[in-house]
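A.B. asks: Residue numbers (this note's numbering): 40 to 295.
This is the structure I want to talk about, given as C-alpha cells.
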Ligand code: MF3
Ligand code: CO
C-alpha cells in the first residue's frame, strides 16, 4: 500500500458520501437478514443484492480473491468469514462487513448483530465494541493524530474487560478500499507513521474486539480470522470524514 494520504476534494467527498450511504444501506439489509435459520450465504445475498440494486459494485467480491460481497463472521470469528452453508441460530452473534464502490469511490462499514436472545456477555461485547468506535472518533479531529483514536478505543475496551485485536487495523479509504494511513485500535508500542489528522481525510475506524485474549488465528480457508482462545468477538466500523469540526460519519444510519 502506498504511503500517500489522499486528501479528498469537495466533489470527491460528495461521491464518497453517496458510496458510503449505499454501504450503510447494505449493512442495514444484512442486519435484517441476521435471523435464526438463515445461512451466512443468505445474509450475503441480501447485502449483495442491495449493493447492485443501488447501482454500486460489491468491492469485496474478488478482492485478493475473496469469494463474496460480504464478510460474515460468527461468534469467535472476528473478521473475514466466508459466507456459505452455515446456519445461524438463536444465541449466535454475527458480524457483517462490506464495501460498496460507487462512481469510483468506496464506502466501508461493519457491525455485529445478535440472533434472537444472546448471552449477557455477548450483549455487552456488542455494545462495548460499538461504543469504542464513538470513543475513538472523539479524537478524529484536526489537532490530533491517528494514534489518539486507537488509544481511546483501547482504553475504553480494556476498561470494560475486553481486548482489541492487534493484527488487523483500520485504514484510509477513497478510490481504493485500503489507503494510507493505517488506523490501529491501540496505542502502537513502536514508532510507526502517526500522521496528523487533516480536513478532507477519509478513514475507516473499526474496532475488532475479543471477549478474551486479543491473539487471533487464520483458519485453513485462508480468510476466516478467529480469536485464538475461541472467545466471542465483535466488529464495528464506519467510514468517516475529517472536517474542520466534528467528524462526519459517512456510513451512519439510525438503526445500526
Ligand atoms: N471491509 C474490510 C476492511 O475493512 C475488507 C474486507 S476484506 C475483503 O478492510 F477481502 F473481503 F475485501
Ligand atoms: Co475497513
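Ideal Cβ placement from N, Cα and C applies to all residues, glycine included.
Please read all numbers here as calculations on a predicted model, not as lab measurements.
Tell whether a beta-carbon distance below 8 angstroms holds between residue 52 and residue 237.
C.D. replies: Not a contact, by the Cβ cut-off of 8 angstroms.
A.B. asks: Here's a check: name, in chain order, each residue in its chain whose Cβ is nearer than 8 angstroms to the Cβ of residue 141, leaving out the five neighbours to either side.
C.D. replies: Correct list, in chain order: 54, 57, 58, 61, 93, 94, 95 and 96.
A.B. asks: Would you please state the rounded distance, in angstroms, between the beta carbons of residue 67 and residue 295? I believe it to be under 8 angstroms.
C.D. replies: Correct: roughly 6 angstroms between the Cβ atoms.
A.B. asks: Say yes only if the C-beta of residue 206 is nearer than 7 angstroms to one or more non-hydrogen atoms of ligand 2, and no if none qualify.
C.D. replies: No, Cβ of residue 206 sits at least 7 angstroms from all heavy atoms of ligand 2.
A.B. asks: Mind pulling the alpha helix (DSSP H) runs of 4 or more residues that sit fully within the segment 144 to 210?
C.D. replies: Fully enclosed alpha helix (DSSP H) runs of 4 or longer: 159 to 176 and 185 to 198.
A.B. asks: Across the segment 237 to 251 and the segment 164 to 176, are there enough close Cβ pairs to call them in contact, namely three or more that are closer than 8 angstroms?
C.D. replies: Segments in contact, yes.
A.B. asks: Thinking residue 111 and residue 264 are a contact (beta carbons under 8 angstroms), I'd like their distance in whole angstroms, please.
C.D. replies: Not confirmed; about 13 angstroms, so no contact.
A.B. asks: Where do the ends of the alpha helix (DSSP H) carrying residue 79 lie?
C.D. replies: 79 to 92 is the extent of the alpha helix (DSSP H) around residue 79.
A.B. asks: Is the beta carbon of residue 119 within less than 7 angstroms of some heavy atom of ligand 1?
C.D. replies: Yes, ligand 1 has a heavy atom inside 7 angstroms of this Cβ.
A.B. asks: Run the proximity test for residue 274: is its beta-carbon closer than 7 angstroms to any non-hydrogen atom belonging to ligand 2?
C.D. replies: Checking every heavy atom of ligand 2 against the Cβ of residue 274, none is found closer than 7 angstroms.
A.B. asks: Taking only heavy atoms of ligand 2 into account, decide whether any of them is closer than 7 angstroms to the Cβ of residue 209.
C.D. replies: Yes - ligand 2 has a heavy atom lying nearer than 7 angstroms to the Cβ of residue 209.
A.B. asks: Quick check: residue 188 and residue 176, are their CB atoms within less than 8 angstroms of each other?
C.D. replies: Yes. Within cutoff.
A.B. asks: Pull up the distance between the alpha-carbon of residue 73 and that of residue 154, whole angstroms please.
C.D. replies: Going by the C-alpha atoms only, they are around 6 angstroms apart.
A.B. asks: Please identify the residue among 227, 214 and 156 whose C-alpha is closest to the C-alpha of residue 208.
C.D. replies: Of 227, 214 and 156, the residue nearest in Cα terms is 227.
A.B. asks: Between the alpha carbons of residue 63 and residue 234, how many angstroms are there, rounded?
C.D. replies: So the two alpha carbons sit approximately 27 angstroms from each other.
A.B. asks: Kindly identify the DSSP beta-bridge partner or partners of residue 277.
C.D. replies: Paired residues: 244.
A.B. asks: Can you tell me the Cβ-Cβ gap for residue 244 and residue 144, rounded? I've got them flagged as a contact below 8 angstroms.
C.D. replies: Not confirmed; about 18 angstroms, so no contact.
A.B. asks: Any heavy atom of ligand 2 closer than 7 angstroms to the Cβ of residue 187?
C.D. replies: Outside the cutoff, so no.
A.B. asks: In whole angstroms, what is the alpha-carbon distance linking residue 169 and residue 286?
C.D. replies: One C-alpha to the other measures close to 16 angstroms.
A.B. asks: How many angstroms separate the CA atom of residue 276 from the CA atom of residue 212?
C.D. replies: For residue 276 and residue 212, the distance between alpha carbons rounds to 12 angstroms.
A.B. asks: Just to confirm the assignment, what range does the beta strand (DSSP E) spanning residue 139 have?
C.D. replies: Its beta strand (DSSP E) spans residues 132 to 141.
A.B. asks: Excluding sequence positions up to five away, which residues of its chain have a Cβ less than 8 angstroms from the Cβ of residue 183?
C.D. replies: Here the set comprises 235 and 236.
A.B. asks: Put residue 50 into one of helix, strand or coil per three-state DSSP.
C.D. replies: Helix.
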